[in-house]
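Data first, discussion second: the structure below is written as structure tokens.
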Amino acid sequence: MPDIIHLLPDSVANQIAAGEVVQRPASAVKEMLENAIDAGATRIQLIIKDAGKTLIQVIDNGSGMSITDARMCFERHATSKVRKAEDLFAIRTMGFRGEAMASISAIAQVELRTRLHDEEVGTLLQIEGSDVVKQEPVATSAGTSILVKNLFYNTPARRNFLKSNPAEMRHIIDEFHRVVLPNPHISFSLHHDGAEIYRLPSATLKQRLVHLFGNNYNERLIPVEEETTIINLKGFIGKPAYAKKTRGEQYFFVNNRFIKDAYLNHAVLKAYQDLLPDDNFPLYVLFIDIDPSKIDVNVHPTKTEIKYLDEKSIYAIIHAAVKRSLGRFNISPSLDFNQETGFSNMISHKKPEDIIPPGIAFNPDFNPFSNDRPGQSRSYSAPAGNRLTNNANWESLYEINEQRIPEQATLAIQEEPDIPIAESKKQLMQVHNKYIVSQIKSGVMLIDQQAAHERVLYERFLLHLEDRMGASQQSLFPQTVTLSTNDFELAKSLLDDIKSLGFQVREFGRNTLVI
1 MPDIIHLLPD SVANQIAAGE VVQRPASAVK EMLENAIDAG ATRIQLIIKD
51 AGKTLIQVID NGSGMSITDA RMCFERHATS KVRKAEDLFA IRTMGFRGEA
101 MASISAIAQV ELRTRLHDEE VGTLLQIEGS DVVKQEPVAT SAGTSILVKN
151 LFYNTPARRN FLKSNPAEMR HIIDEFHRVV LPNPHISFSL HHDGAEIYRL
201 PSATLKQRLV HLFGNNYNER LIPVEEETTI INLKGFIGKP AYAKKTRGEQ
251 YFFVNNRFIK DAYLNHAVLK AYQDLLPDDN FPLYVLFIDI DPSKIDVNVH
301 PTKTEIKYLD EKSIYAIIHA AVKRSLGRFN ISPSLDFNQE TGFSNMISHK
351 KPEDIIPPGI AFNPDFNPFS NDRPGQSRSY SAPAGNRLTN NANWESLYEI
401 NEQRIPEQAT LAIQEEPDIP IAESKKQLMQ VHNKYIVSQI KSGVMLIDQQ
451 AAHERVLYER FLLHLEDRMG ASQQSLFPQT VTLSTNDFEL AKSLLDDIKS
501 LGFQVREFGR NTLVI
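According to our numbering, the sequence shown is numbered sequentially starting from 1.
Structure representation (structure tokens):
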């Protein structure tokens with residue numbers, strides 16, 4: 001039997017690796033930005049066209065590369081960050097696997113321009129499908145510019161799986177956020193189809209958050225800081241009043257690397273217990289600094305999963321630090337038992353003999369149903385000696401009224417005829433101002449008011465969308481709404497549908513709509 005196992009060509013192996021590393025344009029953006037950060041750049045530009053399907057370009061002022069390094073960076077498992085196996089447990093850089101550029105160049109047309117700071121001439125490389133098609137000296141600025149065109153051009157099946165441009169652009173913005181948040185000392189800019197989406201100067205962490213999410217986030221943030229022998233924790237959490245229905249603004253970074261960890265996320269949510277409804281999620285941006293030897297980042301090619309040596313202790317530290325910050329800013333309710341003013345100041349310290357019981361004044365001869373009404377009302381004040389007698393008369397009158405009310409109520413109930421359930425139009429009861437209980441032939445039906453109302457509105461909006469004739473009423477004053485960049489891009493893609501529902505909406509500045 002002939003031998004059937006053979007070694008795959010590099011171009012095929014790179015395309016297979018690209019399936020894990022580069023799943024969509026946002027994956028390429030992440031790898032290219034992280035390479036620029038590892039190169040020591042202080043200014044990074046990201047240029048996108050057609051949500052990354054046509055063009056992705058990253059320009060930085062980092063260290064640049066020599067001719068040899070420029071060729072080597074597109075080879076599989078070629079990296080400047082790891083020399084031996086022990087280095088995997090002392091990683092401080094973003095990249096280390098040596099797969100990113102080899103995978104990207106296998107499924108796209110790549111152009112690289114780079115120059116070292118101490119050299120006058122740079123290098124130009126053009127690569128298509130892992131093959132170098134052009135190499136020559138070039139005049140270029142110090143640093144590196146990588147341009148990726150026609151992603152997945154040679155794998156049409158992968159390209160067909162890409163979503164719409166707005167959806168892919170939202171993924172790119174998400175990755176952009178995850179890179180720029182832990183690097184506020186670096187200035188970033190993002191352009192899409194010629195329009196500037198972000199221009200972020202170097203700043204503090206809080207300023208970077210406000211630049212990303214809007215000025216209204218200034219009042220929403222609570223600082224968190226904790227130093228222990230295991231980890232150093234810092235960052236910001238959101239006030240419970242500003243929690244949202246989605247998890248979009250929740251970020252964990254370990255040694256400045258964005259990670260996804262449900263266990264640590266639970267530590268934060270548990271600190272908000274009893275402060276938020278179950279379906280609300282707080283904002284948090286937390287940075288964990290830990291000894292690299294106590295974690296393993298080489299778990300997944302995307303490097304978003306990490307294993308910890310002492311996970312339970314980290315969980316406890318995060319939970320305690322978040323809870324302490326919430327308490328420090330008077331978010332969680334508390335009682336100060338050392339406060340001087342209390343209930344004792346509200347109680348009178350007069351002697352019992354100084355207290356005069358209130359008297360009851362009434363007219364026993366007054367008949368509200370009598371036609372003979374005096375021109376002036378008369379009031380009678382009972383003498384001090386007759387208070388007990390008048391009190392007794394008052395109580396007897398009250399007892400008479402108590403006896404009459406049940407009799408009248410009983411008569412009213414007896415006069416009401418029995419109505420069969422099938423013949424009654426509606427027999428409804430409300431519970432806790434939230435649920436409707438309705439009787440039906442087979443038993444009882446429980447309706448969630450909010451869900452029912454949302455369903456009614458949903459069906460009405462669907463009808464308006466089909467007819468393109470939404471009913472509306474002109475507002476006296478327009479309303480301005482400031483959104484996050486992701487939500488703003490989503491709203492722009494839905495403007496036609498929103499207008500068909502009867503709303504007049506137009507752009508009104510950066511990330512702002514006027515309605």
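Cβ coordinates follow ideal geometry from the N, Cα and C atoms, glycine included. Quick caveat: nothing in here was measured; it's all calculated off a predicted structure.
Margin query: Looking at residue 221: is its Cβ nearer than 9 Å to the Cβ of residue 283?
Written below: yes
Exercise for review: Report all residues from its chain with a CB closer than 7 Å to the CB of residue 27; omit the five preceding and five following residues, and keep chain order.
Suggested key: 21
On a Cα-Cα basis, can you pick out the residue from 124, 49, 265 and 57 that is closest to residue 68? 124
Is there contact between the stretch 276-296 and the stretch 246-265, where contact requires at least three CB pairs shorter than 8 Å? yes
- What are the start and end residues of the alpha helix (DSSP H) that includes residue 327? 311-328
Proximity winner among 155, 247, 297 and 113, relative to residue 137 (alpha-carbon distances) = 113
Next item on the list: Determine the extent of the beta strand (DSSP E) in which residue 190 is found, giving its start and end residues.
Entry: 187-192
- Item | Simplified DSSP state of residue 215, which is helix, strand or coil | helix
- Considering only residues of the stretch 472-496, which uninterrupted beta strand (DSSP E) runs meet the minimum length of 3 residues and lie entirely inside it, listed in chain order? 480-482
Discussion item. Any contact between the stretch 137-156 and the stretch 169-184? By contact I mean 3 or more CB pairs, one from each, below 8 Å.
Written reply: no
Three CB pairs or more closer than 8 Å across the stretch 263-278 and the stretch 315-330:
yes
For residue 251, does the count of other Cβ atoms within 10 angstroms reach 16, so buried, or fall short, so exposed? buried
Through-space distance from residue 108 to residue 474, alpha-carbon basis = 51 Å
Does the stretch 160-170 come close enough to the stretch 54-71 that 3 or more CB-CB pairs lie under 8 Å?
no
Taking the alpha-carbon of residue 39 as reference, which of 48, 304, 491 and 70 has the nearest alpha-carbon?
70
Review point. Should residue 32 be labelled buried (16 or more other beta-carbon atoms within 10 Å of its own) or exposed?
Key: buried
message = To test your reading of the DSSP string, which unbroken beta strand (DSSP E) runs of 3 or more residues are found completely within the stretch 258-295?
response = 284-289
Exercise. Within 10 angstroms of its Cβ, does residue 335 collect 16 or more other Cβ (buried), or is it exposed?
Worked result: Confidence at residue 335 is low in this model, with a pLDDT of 46, below 50, so its placement is unreliable and no value can be given for it.
Quiz prompt | residue 23: first and last residue of the uninterrupted alpha helix (DSSP H) it sits in | solution = From DSSP, residue 23 is part of no alpha helix (DSSP H); its letter is neither H nor E.
Classify residue 339 as helix, strand or coil using the three-state DSSP reduction. Here residue 339 scores only 43 on pLDDT, less than 50, and its place in the model is too uncertain to base an answer on.
- Between the beta-carbon of residue 147 and the beta-carbon of residue 45, is there less than 9 Å? no
Q. Taking the C-alpha atoms as reference points, what is the distance between residue 477 and residue 261?
A. 45 Å
message = I'd like to check one pair, residue 243 with residue 280: are the Cβ atoms closer than 9 Å?
response = yes
Query raised in the report: For residue 327, is the classification buried or exposed, using 16 other Cβ atoms within 10 angstroms of its Cβ as the cut-off for buried?
Result: exposed
Own chain residues within Cβ distance below 7 Å of residue 171, not counting five before or after: 24 and 26
Quick one: residues in its chain with C-beta nearer than 7 Å to the C-beta of residue 51, no 5 flanking neighbours on either side, listed in chain order? 25, 165, 168, 169 and 172
Query raised in the report: How would you write the range of the beta strand (DSSP E) that residue 133 sits in, first residue to last?
Result: 131-138
Where do the ends of the alpha helix (DSSP H) carrying residue 435 lie?
Run containing residue 435: none in the alpha helix (DSSP H); it sits in the beta strand (DSSP E), 435-440.
| query | Where does residue 192 land, buried or exposed, given buried means 16+ other C-beta within 10 angstroms? | reply | buried
* Asked: Excluding the five sequence neighbours on either side, which residues of its own chain have a C-beta within less than 8 Å of the C-beta of residue 134, listed in chain order?
  -> 124, 125 and 126
Next on the checklist: Residues in the same chain with beta-carbon distance under 6 Å from residue 117, minus the five sequence neighbours each way, listed in chain order, please.
Outcome noted: 142
### Task
List the residues that DSSP assigns as beta-bridge partners of residue 223.
236
Does residue 248 come out as helix, strand or coil in the three-state DSSP assignment?
coil
Can you find a CB in chain D that lies within less than 9 Å of the CB of residue 296?
The chain inventory of the structure shown lacks chain D, comprising one protein chain alone.
* May I have the straight-line CA-CA distance separating residue 160 from residue 103, to the nearest angstrom? => 19 Å
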